[in-house]
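**Q**
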Amino acid sequence: MTELQAGRASETLGAPSIETRSFRSRYRDILIALVAFAVLAALPFFFGSKALLDFVIRCSAFGLFATSLNLLVGYTGMISFGHGMFFGLGAYGFGLLMQRTAVPIPVAFVATLAITAVFAAIIGAICVRLKEIYFAFVTLAFQMLIHSTILTWASLTGGDQGLRGGIPRPVFFGIDLANHVHLYITSCALLVLGLLLMRQIAQSPFGYTLRVIRDNARRASFIGIDVWRAKLTIFVLAALFASTGGMVMALFVSGAYPEFAYWTISGEGIFINMLGGVTTFLGPMVGTVLLLILNDTVTRYTEYHGIVLGAVILFFAIGLRKGLMDYVLEWYTQRRDGPGERG
Amino acid sequence: MLDIRGLSKSFGGVKATDNVSLDFADGSLTAVIGPNGAGKSTFFNLITGALRPDSGEVLLDGVDLAGKSPPDIVRHGIGRAFQVASIFPSLTVQETMLAAVCADQRRSTVLHRRFPLAETRDRAEHAMELLGLANKRHRTAATLSHGDQKLLDIALALVLDPKVLLLDEPTAGMGTEERWRMIDKVRELWEAQKITVVFIEHDMDIVFKIAPRIVVLCYGRILATGTPDAIRRNEAVIEAYLGTEEHAEAVT
Ligand SMILES: Nc1ncnc2c1ncn2[C@@H]1O[C@H](COP(=O)(O)OP(=O)(O)OP(=O)(O)O)[C@@H](O)[C@H]1O
Ligand SMILES: [Mg+2]
């Protein structure tokens, strides 16, 4: 009894209370986000290179996509092979709205998210009850379905030519997305905001509900968690961020192409997560940067870039059995010799 | 009061639970015994919604819970621990408790705040202290000893403040000494929490010493119920336990 009281006393004295810890963690994340955004936004003033800005824009698109996939794969244990369909949906939805209607960009943005949510809710309602491998296959099947719909419905989507003729970008709130620097800053803002929101999801009570489900879905239901509802919710939320990534991509290339909705996009998402690791929040972001650098350098030097990328994947998957950030985390935890932050 | 009426469940031709009727008074402590495959775990699975009964009623304070989903039944106040400790391997002891309280308070879908929630702390703390896990709060569940994992599993049920606690072989896989420690803990919890506890146990010494009331299951049916003395003298039970398979069959 005395030992217990002593333990409690030392805890109240030594460690901060739950309230302050929660407050601090959020405060810290917002601070990191602001600093990251400031650094990214300052980049164009120091480096005039268009290629660098292009690279960051692509990182934003794929980073949003890959991190949202990690909410499913790493946090909830739902391995989706069709997450790329929402990337494609975002690109096409946004592109079509801008080309065919005269709505301002923010309206098209929100409308695309709404459309994505409806699709994700319907597809998710069918998929999330399925066990691992069936979930993976059925999500993949939906991806194929959306891809072939895009190909065959040529009058709407331009078929295999994609949405051509450019995406109009009327100025809104003084932001002119036809201006490369404006587009760059907007992409960075979407990336940082998206990551911040996903981080909030991951660290919220709901985020821990996801971990609980990943660890042991059966037990989760016996502590009163509605597993199906939680899975559907995260499926839809993740789709929204993937869709945002697709919109950034559409703005970047000023169009939308069937490849954006092809299964290889989902494959790349999985690949990025393997590269960066799924046990840390920023793993997929690191993976994105790695993959894009790899892609760009390898394609510059050899036409056999598929083989090189394949070899790298095999190295990470079979050789290391984890992603890069998993290693960093392990190293950090060992140095600190305490429990580290886990996924 | 937990009142089971005519509960039945078959798997193919096997009647795993065969027309079982029992009641458990509030605050009672009952042991369920029976040979392997007698249908003890199935009985718990039917009560807690892990399995849907073919027929029968599970009345908790007059409300029929038969066929409801596990989350529903847990919310009505029936908690359980598993024969093989069922925990969340990558979470720490403390996170496990906090997440469970969160779920119980219907806050498991909260998105705009950070985990852990301050209002979940006291209950989580209380449960960890009750089960002696407080000093292992930062240990990841997967790294706990077998015994501590079983305790964590029980803590996971207890932290939800159940009216009825079903423990499926709390001492499974333990050595003699550890068994006694565990069962003393169970008894202590029962006395302290004043809840209805039903536990499955194979060790006869433990059962006869601890449980005021014993239920004997065999081939899915109730062979006998009563005090340790009555059970010890019961012909059918002696035969089922001491006799061969054929003897047991002849009895039922
Ligand atoms: N999900 C299931 N599907 C098919 N048969 C099952 C299932 N669950 C249990 N059974 C069968 O029902 C019977 C009772 O099993 P149960 O697990 O309830 O026994 P038990 O009394 O808990 O045994 P033990 O002491 O070994 O834990 C067994 O014949 C078992 O094979
Ligand atoms: Mg059993």
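Same order as they appear, the protein sequences are chains A and B.
Mapped onto our numbering, the consecutive letters of the first sequence carry residue numbers 276 to 618.
Mapped onto our numbering, the consecutive letters of the second sequence carry residue numbers 22 to 273.
Cβ coordinates follow ideal geometry from the N, Cα and C atoms, glycine included.
So the beta strand (DSSP E) residue 35 of chain B belongs to, where does it begin and stop?
**A** For this step, residue 35 of chain B is matched to residue 14 along the second sequence. Looking at the DSSP string, the run of the beta strand (DSSP E) that includes residue 35 of chain B is 35-45.
**Q** Can you name the start and end residues of the beta strand (DSSP E) that residue 484 of chain A belongs to?
**A** Indexing the first sequence from 1 puts residue 484 of chain A at position 209. That residue, residue 484 of chain A, is in no beta strand (DSSP E); its alpha helix (DSSP H) goes 480-490.
**Q** Under 9 angstroms, Cβ to Cβ, is there at least one residue of chain A near residue 172 of chain B?
**A** Here residue 172 of chain B corresponds to residue number 151 of the second sequence, with the count starting at 1. It does not: the Cβ of residue 172 of chain B has no partner Cβ on chain A nearer than 9 angstroms.
**Q** What residue range is occupied by the uninterrupted alpha helix (DSSP H) comprising residue 168 of chain B?
**A** Sequence index remark: in the second sequence, residue 168 of chain B carries index 147 (1-based). Start and end: 167-179.
**Q** When you compare only the Cα positions, how much space is there between residue 407 of chain A and residue 353 of chain A?
**A** Translated into positions along the first sequence, residue 407 of chain A becomes position 132. Translated into positions along the first sequence, residue 353 of chain A becomes position 78. Taken atom to atom, the span from the alpha-carbon of residue 407 of chain A to that of residue 353 of chain A is near 7 angstroms.
**Q** So the alpha helix (DSSP H) residue 65 of chain B belongs to, where does it begin and stop?
**A** The count along the second sequence starts at 1 and reaches residue 65 of chain B at position 44. Segment 61-69, the alpha helix (DSSP H) holding residue 65 of chain B.
**Q** Output yes if chain A places a C-beta closer than 9 angstroms to the C-beta of residue 125 of chain B; else output no.
**A** Taking the second sequence and counting its residues from 1, one reaches residue 125 of chain B at position 104. Chain A, which has a Cβ nearer than 9 angstroms to the Cβ of residue 125 of chain B, makes this yes.
**Q** What are the start and end residues of each continuous beta strand (DSSP E) run of 3 or more residues lying completely inside the segment 84-112 of chain B, in chain order?
**A** 99-102
**Q** Taking all protein chains shown into account, decide if residue 606 of chain A is buried (16 or more other Cβ within 10 angstroms of its Cβ) or exposed.
**A** For the purposes of this step, residue 606 of chain A is identified with residue 331 of the first sequence, where counting begins at 1. With fewer than 16 Cβ atoms within 10 Å of its Cβ, residue 606 of chain A is classed as exposed.
**Q** By the criterion of Cβ-Cβ separation under 7 angstroms, what are the contact partners of residue 342 of chain A in chain B?
**A** By one-based count along the first sequence, residue 342 of chain A stands at place 67. Correct list: empty, because the minimum Cβ distance to chain B is about 16 angstroms.
**Q** Please list, in chain order, the chain B residues whose beta carbon lies closer than 7 angstroms to that of residue 490 of chain A.
**A** Indexing the first sequence from 1 puts residue 490 of chain A at position 215. What residue 490 of chain A touches in chain B: 109, 110, 111, 112.
**Q** Since residue 529 of chain A contacts residue 441 of chain A with CB under 8 angstroms, what's their CB separation in whole angstroms?
**A** For this step, residue 529 of chain A is matched to residue 254 along the first sequence. For this step, residue 441 of chain A is matched to residue 166 along the first sequence. At roughly 5 angstroms, the Cβ-Cβ gap stays under 8 angstroms, so residue 529 of chain A and residue 441 of chain A are in contact.
**Q** Flag this pair as touching only if the segment 66-86 of chain B and the segment 118-128 of chain B have three or more C-beta atom pairs under 8 angstroms; answer yes or no.
**A** no
**Q** Going along chain A in order, which residues have a C-beta closer than 8 angstroms to the C-beta of residue 236 of chain B?
**A** In the second sequence, counting from the first residue as 1, residue 236 of chain B sits at position 215. Going along chain A, no residue has its Cβ under 8 angstroms from residue 236 of chain B, so there is no contact; the nearest lies around 22 angstroms.
**Q** Note down the Cα distance separating residue 243 of chain A from residue 461 of chain A, rounded to an integer number of angstroms.
**A** A question about residue 243 of chain A goes unanswered here, because the residues of chain A that appear run from 276 up to 618.
**Q** Looking only at C-alpha atoms, which of A:379, A:343, A:318, A:344 sits nearest to residue 332 of chain A?
**A** As a working mapping, residue 332 of chain A is identified with position 57 in the first sequence. With distances taken between Cα atoms, residue 332 of chain A lies closest to A:318.
**Q** With hydrogens ignored, establish whether the beta-carbon of residue 190 of chain B is closer than 8 angstroms to any heavy atom of ligand 2.
**A** The residue labelled residue 190 of chain B in the question sits at position 169 within the second sequence. Correct: residue 190 of chain B has its Cβ closer than 8 angstroms to ligand 2.
**Q** If you compare alpha carbons, which of B:117, B:87, B:135, B:145 is closest to residue 481 of chain A?
**A** Walking along the first sequence from the start, residue 481 of chain A turns up at place 206. Out of B:117, B:87, B:135, B:145, B:135 has the C-alpha closest to the C-alpha of residue 481 of chain A.
**Q** Counting C-beta neighbours from all protein chains within 10 Å, is the total for residue 91 of chain B 16 or more, i.e. buried, or is it exposed?
**A** Working through the second sequence from its first residue, we reach residue 91 of chain B at position 70. Buried.
**Q** Is residue 129 of chain B close to chain C, meaning its C-beta is less than 9 angstroms from at least one C-beta of that chain?
**A** Reference to chain C is not applicable here, since the protein chains of this structure are A and B.
**Q** According to DSSP, is residue 297 of chain A helix, strand or coil?
**A** For the purposes of this step, residue 297 of chain A is taken as the residue at position 22 of the first sequence. In the three-state DSSP reduction, residue 297 of chain A falls in the helix class (H, G or I).
**Q** So if DSSP puts residue 30 of chain B in a beta bridge, which residue, or which two residues, is it bridged to?
**A** What you label residue 30 of chain B is simply residue 9 of the second sequence in a count that begins at 1. Answer by DSSP bridge pairing, in chain order: B:38.
**Q** Based on DSSP bridge pairs, tell me the residues matched to residue 245 of chain B.
**A** Working through the second sequence from its first residue, we reach residue 245 of chain B at position 224. Per DSSP, B:237.
**Q** DSSP three-state label for residue 232 of chain B, please.
**A** For this step, residue 232 of chain B is matched to residue 211 along the second sequence. Note: residue 232 of chain B maps to coil in three-state DSSP.
**Q** For residue 261 of chain B, tell me which candidate among B:248, B:239, B:254, B:249 has the shortest Cα-Cα distance.
**A** For this step, residue 261 of chain B is matched to residue 240 along the second sequence. Answer by Cα proximity: B:239.
**Q** So does the segment 361-370 of chain A actually touch the segment 569-579 of chain A, counting three or more Cβ pairs closer than 8 angstroms?
**A** no
**Q** Buried or exposed: where does residue 324 of chain A fall if 16 or more other Cβ atoms within 10 Å of its Cβ makes it buried?
**A** Taking the first residue of the first sequence as position 1, residue 324 of chain A is located at position 49. Exposed, since its Cβ has fewer than 16 Cβ neighbours within 10 Å.
**Q** Could you give the first and the last residue of the continuous beta strand (DSSP E) run that contains residue 221 of chain B?
**A** What you label residue 221 of chain B is simply residue 200 of the second sequence in a count that begins at 1. It spans 217-221 - the beta strand (DSSP E) in which residue 221 of chain B sits, taken as one unbroken run.
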